[in-house]
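Here is the structure we will look at.
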Amino acid sequence: MDFCHTHPGGAEVELSMLFVDVRGSSQLARQLGATAFGKLMNRFYKAASEVLVETDAYVDKFVGDEVIGLYLPVFTGSKHAALAIDAARRILKATGHQGPEGAWVPVGVGVHTGTAYVGTASGAEGSISDVTALGESVNVAARLSSAAAAGEALVSDAAWTASGMEDDVAVHREIELRGISGSVGVRVLGS
Numbered sequence: 000m001d002f003c004h005t006h007p008g009g010a011e012v013e014l015s016m017l018f019v020d021v022r023g024s025s026q027l028a029r030q031l032g033a034t035a036f037g038k039l040m041n042r043f044y045k046a047a048s049e050v051l052v053e054t055d056a057y058v059d060k061f062v063g064d065e066v067i068g069l070y071l072p073v074f075t076g077s078k079h080a081a082l083a084i085d086a087a088r089r090i091l092k093a094t095g096h097q098g099p100e101g102a103w104v105p106v107g108v109g110v111h112t113g114t115a116y117v118g119t120a121s122g123a124e125g126s127i128s129d130v131t132a133l134g135e136s137v138n139v140a141a142r143l144s145s146a147a148a149a150g151e152a153l154v155s156d157a158a159w160t161a162s163g164m165e166d167d168v169a170v171h172r173e174i175e176l177r178g179i180s181g182s183v184g185v186r187v188l189g190s
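Using numbering that gives the first Met the number 0, you'd call the opening residue of the sequence shown number 0 and step up by one each time.
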C-alpha cells in the first residue's frame with residue numbers, strides 16, 4: 000500500500016469483473032450456527048480466491064457472503080474477459096455444482112466487461128484504505144451475480160463478445176437488472 004499512499008488516485012479502464020455470491024446465506028447461518036457457518040464461509044473464500052488468483056484476477060474484496068475479482072488488463076492483457084469467464088466456470092466446479100455429490104455451498108456468479116474507475120479509496124483523514132473499482136459497469140456485474148441462480152453464472156454480452164467465445168456455446172437470454180436501465184443480454188453457464 001505504500002505505492003497507493005504516494006500515488007493516490009486512479010483512472011477509467013476497461014476491465015472484466017467477477018462477483019460470486021452465496022445463495023441463501025442467512026438461512027445457512029441460521030441452520031449451521033455461527034461457528035460452522037464461519038468455517039463454511041472461510042472454505043468458500045479460499046476456494047473462490049484460489050480460482051481468481053490462478054486466473055490472474057486482483058481479489059478486490061470479501062464482502063459478507065461475496066467475493067469480487069477484477070481482471071485488469073495491466074495484469075491479464077487483452078484476455079481479461081476470457082479469464083473471467085474461465086474463472087466463473089471453475090468456481091462453479093470448485094464449489095461442487097458440477098460434481099456428482101452436488102454443491103457444498105450454493106453460489107451464483109456474475110461476469111461483466113466494461114469501463115470503470117479503478118483507483119484508491121480514502122478513509123478517515125484522507126488515509127488510503129482500499130483499491131477498488133467503481134461505476135455502472137461494476138453495478139452490472141454485481142446485479143448479474145444477484146440474478147444468477149445457484150449453480151449458474153450469468154455472463155453479459157459485453158464480456159462474452161470481448162472474450163471471443165463462440166456464440167452458440169451457451170444459452171442466451173435478456174434479463175432486467177434492478178437499478179440498471181434497459182434489459183441486459185447474458186449467456187447462461189452452469190445449471
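Glycine is no exception: its CB is placed at the ideal position from the N, C-alpha and C atoms.
Because the structure is a prediction, the values reported are computed rather than measured.
A buried status is given to Ser155, since no fewer than 16 other beta-carbon atoms sit within 10 Å of its beta-carbon. In this structure, Val117 places its C-beta atom within 8 Å of the C-beta atom of Ala132. Residues Ala115, Tyr116 of the same chain have their beta carbon placed closer than 6 Å to that of Gly134, with the five preceding and five following residues left out of the count. Leu188 has its alpha-carbon roughly 20 Å from the corresponding atom of Phe43. Secondary structure at Val168: coil, using DSSP grouped into helix, strand and coil. Here Arg142 is buried: its Cβ has 16 or more other Cβ atoms, across all protein chains shown, within 10 Å.
In this structure, Leu17 is the residue among Val73, Thr75, Leu17 with its C-alpha nearest to the C-alpha of Val139. Contact fails between the region 31-48 and the region 164-171, because fewer than three Cβ pairs, one in each stretch, are under 8 Å apart. Contact check for Val108 and Ser144: beta-carbon distance about 6 Å, within the 8 Å limit, so the pair qualifies. The Cβ atoms of Ala148 and Thr112 do not sit closer than 8 Å to each other. Contact between Tyr70 and Ala87 is absent: CB atoms are separated by about 11 Å, not below the 8 Å threshold.
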